[in-house]
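Be aware that the sequence shown starts at 5, since it is given in our numbering, and climbs by one per residue. Note that beta-carbon positions come from the ideal geometry of N, C-alpha and C, so glycine has one too. Structure, as structure tokens:
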Amino acid sequence: MRGVVGVLALQGDFREHKEALRRLGLEAQEVRKRAHLEGLKALVVPGGESTTIGKLAREYGIEEEVRRRVEEGSLAVFGTCAGAIWLAKEILGYPEQPRLGVLDVAVERNAFGRQVESFEEELPVRGFAEPFHAVFIRAPVFRRLGSGVEVLAELDGLPVLVRQGKVLASAFHPELTTDPRLHRYFLELAGL
Ligand code: GLN
5 MRGVVGVLAL QGDFREHKEA LRRLGLEAQE VRKRAHLEGL KALVVPGGES
55 TTIGKLAREY GIEEEVRRRV EEGSLAVFGT CAGAIWLAKE ILGYPEQPRL
105 GVLDVAVERN AFGRQVESFE EELPVRGFAE PFHAVFIRAP VFRRLGSGVE
155 VLAELDGLPV LVRQGKVLAS AFHPELTTDP RLHRYFLELA GL
């Protein structure tokens, strides 16, 4: 299958997501401008630096177009780490940071403290028979969840994987492991 899944390729670890999708037999479209969204059913937004991703997405008209498609229900999105921050309605402490605002949560950036730059966890995920090896790098957490938001995984009682309709967001980086389950779950969510 070609051309139905995209990876936002403005900044961050989009190549790792492309590789993860390739392992599932999909050649993902790199999205760098609005026109690249044409015909897509699913878009992955990588980890990286959420301020940079947000600024570029706004500047290139991608933010507006993705929002329109998600709101009309034709596009599913999966944000990981910085990508998840970009999806949120509210970014705590950064009211001016550009964001898509399609996920009804307030997100806290770098929520595990700067001293804990990164760590890995065997994370139980709702619906998965075995835990998911989750890599956290300056990870956010989701707070003040709206009623339509379902929690799929928690770490120390804090939501780190959530879903709202066809919007999926993880505080960790599934693209940095070879476990295909979360990408596969997302593709199913997108109807692929
Ligand atoms: N802390 C970064 C941010 O707020 C996200 C880190 C990541 O994507 N690994 O943008």
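Based on DSSP bridge pairs, tell me the residues matched to residue i.
{"i": "Q4", "result": "Nothing can be reported for residue 4, as the shown portion of the chain is limited to 5 through 196."}
{"i": "F116", "result": "F116 pairs with nothing; no bridge assigned."}
{"i": "I95", "result": "V111"}
{"i": "E126", "result": "H137"}
{"i": "L172", "result": "F82 and R167"}
Among the residues of its own chain, which have a CB less than 6 Å from the CB of residue i, if the five just before and after it don't count?
{"i": "T181", "result": "H137"}
{"i": "L165", "result": "L156, A157 and S174"}
{"i": "H21", "result": "V11, V48, P50 and E179"}
{"i": "L127", "result": "P135, F136, A138 and A157"}
{"i": "A80", "result": "A46, K170, L193 and A194"}
{"i": "L107", "result": "L91, A92, Q168, V171 and A173"}
{"i": "G105", "result": "K93"}
{"i": "R147", "result": "A110 and E112"}
{"i": "R62", "result": "P102"}
Who are the Cβ neighbours of residue i in its own chain at under 7 Å, not counting the five residues just before and after it?
{"i": "I95", "result": "I89, Q101, R103, V111 and R113"}
{"i": "G58", "result": "W90, Q101, P102 and R103"}
{"i": "R185", "result": "F132 and F136"}
{"i": "A13", "result": "E34, V35 and R36"}
{"i": "L159", "result": "E125 and L127"}
{"i": "G52", "result": "Q15, G16, D17 and A86"}
{"i": "G4", "result": "One cannot answer for residue 4 here, as it falls past the ends of the chain, which runs 5 to 196."}
When DSSP labels each residue in this structure, what does residue i get in the three-state scheme?
{"i": "H187", "result": "helix"}
{"i": "E158", "result": "strand"}
{"i": "R167", "result": "strand"}
{"i": "E121", "result": "coil"}
{"i": "R72", "result": "helix"}
{"i": "A88", "result": "helix"}
{"i": "L193", "result": "helix"}
{"i": "E179", "result": "helix"}
{"i": "F67", "result": "Before going further, note that residue 67 is Glu rather than Phe in the sequence given. Here E67 sits in helix by DSSP."}
Under 8 Å Cβ to Cβ from residue i, same chain only, skipping five residues before and after it: list those, please.
{"i": "R167", "result": "V153, E154, L156, A173 and L193"}
Quick one: does the C-beta of residue i sit closer than 8 Å to a heavy atom of the ligand NAP?
{"i": "H187", "result": "Looking for the ligand NAP in the displayed structure turns up nothing; the ligands present are the ligand GLN."}
If you scan the stretch 18 to 64 from start to end, which runs of the beta strand (DSSP E) of 3 or more residues do you find wholly inside it?
31 to 35 and 46 to 49
3 or more residues per run - each beta strand (DSSP E) lying fully within the stretch 132 to 157
136 to 141 and 145 to 147
Any chance you could list the residues with Cβ under 6 Å from a heavy atom of the ligand GLN, keeping chain order?
G51, G52, E53, S54, C85, A86, I89, R113, N114, I141 and R142
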